[in-house]
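Protein chains in written order, with my numbering: chain A, 1 to 95; chain B, 96 to 191.
All C-beta atoms in this analysis are idealised placements derived from N, C-alpha and C, irrespective of residue type, glycine included.
Predicted model only: the values in this text are computed from it and were never measured.
First up is the structure itself, then whatever we jot down about it.
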């Protein structure tokens, strides 16, 4: 039964980070700060949810799959955030 | 436990809907591109939660595919020229 409590706790904290990401997206003044908030908070949230589900799952292939999804999501978010920021920057000064 | 996971998935969807306000308000196009990141992570998390609450493992593979698509989609979006692009005389944007 103990593992269930861990899963519930981790998924709850993960959802809290998602909430922080969305609040950051809505409240922050500038594109870059929103990018920062969105990328960091959402990925930590996704990581915690993956961790909670790993414990809930318990089988090795499931754990590896969830870990791989999280790592891939981090790479995807990093690349996207950088590209969007650079694209936004180059809007003002036409290179 | 399954109902809790379903509740978390529902919460994430509501979170996603709240993020849509930025699309409406977003002054610049880059703000509207932010929702790509929002969709990337939130939908993947929702799919994973549904996969384990409905005990259907195929959804985990769908989430994996979605992560890849989100990355490629943002690269595709960035290739668009800006709305303030000055068309050169032969009609190509300044990016090419």
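Between the CA atoms of residue j and residue i - distance to the nearest angstrom
i                     : j                     : result
residue 23 (chain A)  : residue 59 (chain A)  : 35 Å
residue 106 (chain B) : residue 88 (chain A)  : 31 Å
residue 44 (chain A)  : residue 84 (chain A)  : 20 Å
residue 123 (chain B) : residue 174 (chain B) : 16 Å
residue 39 (chain A)  : residue 1 (chain A)   : 34 Å
residue 37 (chain A)  : residue 131 (chain B) : 14 Å
residue 90 (chain A)  : residue 170 (chain B) : 15 Å
Short Cβ contact (8 Å threshold) for residue i with residue j
i                     : j                     : result
residue 7 (chain A)   : residue 56 (chain A)  : yes
residue 129 (chain B) : residue 25 (chain A)  : yes
residue 121 (chain B) : residue 127 (chain B) : yes
residue 165 (chain B) : residue 76 (chain A)  : yes
residue 64 (chain A)  : residue 162 (chain B) : no
Any chain B beta carbon closer than 8 Å to residue i
i                    : result
residue 56 (chain A) : yes
residue 36 (chain A) : no
residue 96 (chain A) : It is not possible to answer for residue 96 (chain A), since the shown part of chain A is limited to 1 through 95.
residue 87 (chain A) : yes
residue 81 (chain A) : yes
residue 60 (chain A) : no
residue 2 (chain A)  : no
Bounding residues of the alpha helix (DSSP H) (the contiguous stretch that carries residue i)
i                     : result
residue 58 (chain A)  : Residue 58 (chain A) -> no alpha helix (DSSP H), and no H or E assigned at all.
residue 174 (chain B) : Counting along the chain, residue 174 (chain B) falls outside any alpha helix (DSSP H), and DSSP gives it neither H nor E.
residue 28 (chain A)  : Neither: residue 28 (chain A) is in no alpha helix (DSSP H) and is coded neither H nor E.
Any chain A beta carbon closer than 8 Å to residue i
i                     : result
residue 137 (chain B) : yes
Whole alpha helix (DSSP H) elements within the segment 120-164 of chain B, 4-residue minimum: 124-148
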